[in-house]
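Enquirer: Questions regarding the structure given below will be posed in turn.
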Amino acid sequence: MAEALVFPSQAWCEAAARALLADEQVQLALSEFGPVTSGIVVTRGDGLPSDFCLLARLRPPADAQLEFPDDEDELEELEPDYIAWAPHSLCKELLSAALAGARPDPLRAILERKVRLRGDLERLVKHAGRHRGAGLEAIRTVPTRFHGE
385 MAEALVFPSQ
395 AWCEAAARAL
405 LADEQVQLAL
415 SEFGPVTSGI
425 VVTRGDGLPS
435 DFCLLARLRP
445 PADAQLEFPD
455 DEDELEELEP
465 DYIAWAPHSL
475 CKELLSAALA
485 GARPDPLRAI
495 LERKVRLRGD
505 LERLVKHAGR
515 HRGAGLEAIR
525 TVPTRFHGE
């Protein structure tokens with residue numbers, strides 16, 4: 385079995401992107417959504433010593449272009465279409481549920497304001513509703529461990 389990758393980390397994100405982009409459901413969802421640049425700030429806490437930032441440029445069917453800005457300000461300067469700010473504890477909860485075979489709903493976390501989002505929420509809701517569960521099987525193939533484990 386492959387060595388578990390720490391979430392969040394550059395290695396984990398790169399492995400997750402490869403797995404997700406190999407999933408037909410994810411490719412369909414991305415092609416319907418269209419090209420997009422998205423960022424996330426996984427905020428420190430619950431074992432994560434500092435914020436983790438990721439920018440993903442998605443231009444299906446091409447591979448994702450990932451960047452790892454040093455901080456939130458650098459991420460914002462890249463002017464992504466979407467930025468989400470999510471607590472590490474919530475990311476860990478959702479990812480753990482997915483890895484355990486559940487179907488967590490990250491959109492619900494946004495709608496309940498557990499995740500702060502900047503971007504076109506209406507477009508996101510429209511497409512997420514049609515592709516619920518896309519990528520779950522793919523993400524389960526990424527060997528994962530969390531900070532402090």
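Residue numbers (the working numbering): 385 to 533. Where is the CB? At the ideal position from N, CA and C, for every residue including glycine.
#1: Taking the alpha carbon of residue 469 as the point to measure from, which residue in 393, 422, 404 has its own alpha carbon closest?
#2: With which residues is residue 475 paired in a DSSP beta bridge?
#3: Can you grab the Cα-Cα spacing for the pair residue 529 / residue 420, in whole Å?
#4: Quick one: Cα of residue 502 to Cα of residue 466, how far?
#5: Inspect the beta-carbon positions of residue 493 and residue 474 and report whether they are closer than 8 angstroms.
#6: I need the DSSP call for residue 425, collapsed to helix, strand or coil.
#7: Classify residue 529 as helix, strand or coil using the three-state DSSP reduction.
Expert: Based on what the coordinates show:
#1: Residue 469 sits at position 85 when you count from the first residue of the sequence shown. Ranking 393, 422, 404 by Cα distance to residue 469 puts 422 first.
#2: Residue 475 sits at position 91 when you count from the first residue of the sequence shown. Per DSSP, none; premise fails for residue 475.
#3: Counting from one through the sequence shown, the residue named residue 529 turns up at place 145. Counting from one through the sequence shown, the residue named residue 420 turns up at place 36. Rounded to the nearest angstrom, the two C-alpha atoms are 28 angstroms apart.
#4: Stepping through the sequence shown from its first residue, residue 502 is reached at position 118. Stepping through the sequence shown from its first residue, residue 466 is reached at position 82. The straight-line gap from Cα to Cα measures roughly 5 angstroms.
#5: For the purposes of this step, residue 493 is identified with residue 109 of the sequence shown, where counting begins at 1. For the purposes of this step, residue 474 is identified with residue 90 of the sequence shown, where counting begins at 1. Yes, the Cβ-Cβ distance between residue 493 and residue 474 is below 8 angstroms.
#6: The sequence position of residue 425 within the sequence shown is 41, counting from 1. Three-state result, residue 425: strand.
#7: Within the sequence shown, numbered from 1, the residue matching residue 529 stands at position 145. Here residue 529 sits in strand by DSSP.
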